[in-house]
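Q: For the protein sequence lines, the chains are G and H, in the order given. Heads up: the first sequence runs through residues 1 to 206, numbered per our numbering. Heads up: the second sequence runs through residues 1001 to 1206, numbered per our numbering.
There are 2 protein chains.
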Amino acid sequence: MKSYSSKLLENAVHELCRLPGIGQKTALRLALHLIREDRSVAEALGNSIIRLRNEIVYCKRCHNISDSDLCDICADPSRHSDILCVVEDMRDIIAIENTGQYHGLFHVLGGIISPMDGIGPGDLNVESLVERVQSEGIREVIMALQATIEGDTTNFYIYKKIRDICPHISTIARGVSVGDSLEYADEVTLGRSIVNRLPYEQTLRK
Amino acid sequence: MKSYSSKLLENAVHELCRLPGIGQKTALRLALHLIREDRSVAEALGNSIIRLRNEIVYCKRCHNISDSDLCDICADPSRHSDILCVVEDMRDIIAIENTGQYHGLFHVLGGIISPMDGIGPGDLNVESLVERVQSEGIREVIMALQATIEGDTTNFYIYKKIRDICPHISTIARGVSVGDSLEYADEVTLGRSIVNRLPYEQTLRK
Chain G
1 MKSYSSKLLE NAVHELCRLP GIGQKTALRL ALHLIREDRS VAEALGNSII
51 RLRNEIVYCK RCHNISDSDL CDICADPSRH SDILCVVEDM RDIIAIENTG
101 QYHGLFHVLG GIISPMDGIG PGDLNVESLV ERVQSEGIRE VIMALQATIE
151 GDTTNFYIYK KIRDICPHIS TIARGVSVGD SLEYADEVTL GRSIVNRLPY
201 EQTLRK
Chain H
1001 MKSYSSKLLE NAVHELCRLP GIGQKTALRL ALHLIREDRS VAEALGNSII
1051 RLRNEIVYCK RCHNISDSDL CDICADPSRH SDILCVVEDM RDIIAIENTG
1101 QYHGLFHVLG GIISPMDGIG PGDLNVESLV ERVQSEGIRE VIMALQATIE
1151 GDTTNFYIYK KIRDICPHIS TIARGVSVGD SLEYADEVTL GRSIVNRLPY
1201 EQTLRK
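Written as C-alpha cells, this is what we have:
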C-alpha cells in the first residue's frame, strides 16, 4: 500500500486509477498536475465529468449520445434521411463525420455480436433498426462495422433481417485494414471506404 | 473541429484533454467509459478532483503535500528528526518511502535549479531548508535529487549553503542510472542508493 501523506490525494489517485489505461503512476502525475494548476481547472474538469454522466441521454431515433431526445444529426433537416449508416458506437460516428464523405443518418448498434463476450443480437439495437428501415422509407443501409469476424457476423445477421425490406444494403469498402478497429483508421482511408462501398452480396463471394 | 453531437461530451473531452499526456482519442475513450459506468463512479471521480484542489495544503515544515499544517511524516514521533532527506517533489517521497530504507524526515524543494526553464534557487524551498538545519539540530542532510546536470547543480548549491552548519552532507549513491528520473527507479536500486550514500566531498573528486 502506497502512502501519499494525504487522504485527499490518495482518494483522487484511487478514483483516477479506475479509468481504463490509467495506472498508479499516471494517476499520481495527473493529480499533482491538477494541484499545481489553477483552482478553476480542477473545478471545470470535475464538474464536466459529473454533469456528463448525470445529464447525458441517448437519441431516441439513432441511439447516439445526445443532450436531448433527438441528436444534432437526426435533427438536421439538411441530412439525407433515406440512408442509414450502421455503426458500433458513437466513436465511429465521429470518425465518419470527420471524413466529410457521408451526409445521411446513423444508427448506433451499441456493440457487435460477440459470443465470446456474451453479446448476442438481443443486446444490440437491431429491432429498432428494422423498425426504422420499415417506417422511415430507408433506401439504403450502409454497414460500417469493424473489419473483424465479429463485425462480419453482425453484418450478416443484419443483412438477413433487412434484405427483404431494404432495396440497397452495402458495407464500407475494406480499405480499412482487416483486423483493425475503425477508430484508428486515418480519415482518407475511412473516407474512401465509404465512397467505394460494395453491395453486400458481392462481399460474400470472396 | 470534431463534432461530438453533445455539448456535455464535448465539454468533458475538452477538459480531459488539458491533462498531461491525454489526447483527444484517449479523452473520448475515458468520457465514454464514464458514461457506461454507474453514476456514482463519475461523481466520486469528479468530487475527488475538486476536493483535492480546493482542500489540499502544504506541510508548513517540509512542504510536502498534506491534509493539515503538519504532514503525516513530520507528525510521526517515531521518525528520526535529526536527519533530513532533500527531494524535488512528493513523488520522490513516495518512491523513497516504498523502499522502507529511510526513517528520517524530508524536505521538499519544489523543483531543481534549471536555468533553461527559468528556475533559480529563489524559486525553491532552500531558505527554509537552511533554517531547519539550524533550528532543528539536523545531524545529516541526504540529497536525493535526480542524477542529471540540474540535480548536480542543485546539490552543489545546497552544499555550499549548509556545509558550515551541518555535520554530515551526503548524496544518495549513483545506483540510479545517470540521466533517469528518480520516479522510475525500481525499489531495490533506490533503497540501495540510500543505504550506500557517499559523503558529498567524495563525489566531487570524480
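Here a beta-carbon is modelled for each residue, glycine too, at the ideal position from N, C-alpha and C. Here the structure is a predicted model, which means the values were calculated and not measured.
1) For the stretch 1067-1097 of chain H, which residues have a CB atom closer than 8 Å to at least one CB atom of chain G, in sequence order?
2) Which chain H residues are close to G/E55, counting only those with a beta carbon under 7 Å from its beta carbon?
3) By the criterion of Cβ-Cβ separation under 7 Å, what are the contact partners of G/E187 in chain H?
4) By DSSP, does G/P20 sit in helix, in strand, or in coil?
5) What beta strand (DSSP E) runs, 3 residues minimum, are completely inside the stretch 103-155 of chain G?
6) Of the residues that make up the stretch 35-54 of chain G, which ones have a beta carbon closer than 7 Å to any beta carbon in chain H?
7) Using a Cβ-Cβ cut-off of 9 Å, state whether G/C59 counts as contacting chain H.
8) What's the C-alpha gap between H/I1050 and G/L84?
9) Run through chain G and tell me which residues come within less than 7 Å of H/R1132, C-beta to C-beta.
10) Could you tell me if H/Q1202 is buried or exposed, where buried requires 16 or more neighbouring beta carbons within 10 angstroms of its beta carbon?
11) Looking only at its own chain, which residues have a Cβ that is under 7 Å from the Cβ of G/G104, when we skip the five neighbours before and after it?
12) Looking at the unbroken alpha helix (DSSP H) that takes in H/D1072, where does it start and where does it end?
13) Give every residue of the same chain whose Cβ lies closer than 7 Å to the Cβ of H/E1150, excluding the five residues on either side of it in the sequence, and list them in chain order.
14) Take G/L28 and list the residues in its own chain whose beta-carbon comes closer than 6 Å to its own, dropping the five residues that flank it on each side.
15) At which residues does the alpha helix (DSSP H) containing H/L1084 begin and terminate?
16) Give, in chain order, every residue of the stretch 1010-1021 of chain H whose Cβ lies closer than 8 Å to some Cβ of chain G.
17) I'd like to know whether the C-beta of H/I1065 is nearer than 9 Å to at least one C-beta of chain G.
A: According to the data block:
1) Against chain G - using a Cβ distance shorter than 8 Å - the residues of the stretch 1067-1097 of chain H are D1067, C1071, D1072, I1073, D1089, M1090, R1091, I1093, I1094 and E1097.
2) Neighbours of G/E55 on chain H, chain order: L1008.
3) Simply none; closest approach about 11 Å.
4) Residue state, collapsed to three classes: coil.
5) Qualifying beta strand (DSSP E) stretches, in chain order: 104-108 and 140-143.
6) Within the stretch 35-54 of chain G, the qualifying residues are I35, R39, V41, A42, E43, A44, L45, G46, N47, S48, I49, I50, R51, L52, R53 and N54.
7) In terms of beta-carbon proximity, G/C59 lines the interface with chain H, with at least one pair separated by less than 9 Å.
8) In a straight line, the C-alpha of H/I1050 is about 42 Å away from that of G/L84.
9) Among the residues of chain G, none has a CB under 7 Å from the CB of H/R1132; the nearest is roughly 18 Å distant.
10) H/Q1202 comes out exposed.
11) Cβ within range, chain order: R79, H80, I83, L84 and C85.
12) Residues D1072 to A1075.
13) So the list reads I1112, I1113 and S1114, once near-sequence residues are dropped.
14) For G/L28, the CB contacts under 6 Å within the same chain, skipping 5 residues up- and downstream, are V13 in chain order.
15) In the DSSP annotation of this structure, H/L1084 is not part of any alpha helix (DSSP H); the continuous beta strand (DSSP E) holding it starts and ends at H1080 to V1087.
16) Of all residues in the stretch 1010-1021 of chain H, only N1011, A1012, H1014, E1015, L1016, R1018, L1019, P1020 and G1021 place a beta-carbon less than 8 Å from a beta-carbon of chain G.
17) Chain G, which has a Cβ nearer than 9 Å to the Cβ of H/I1065, makes this yes.
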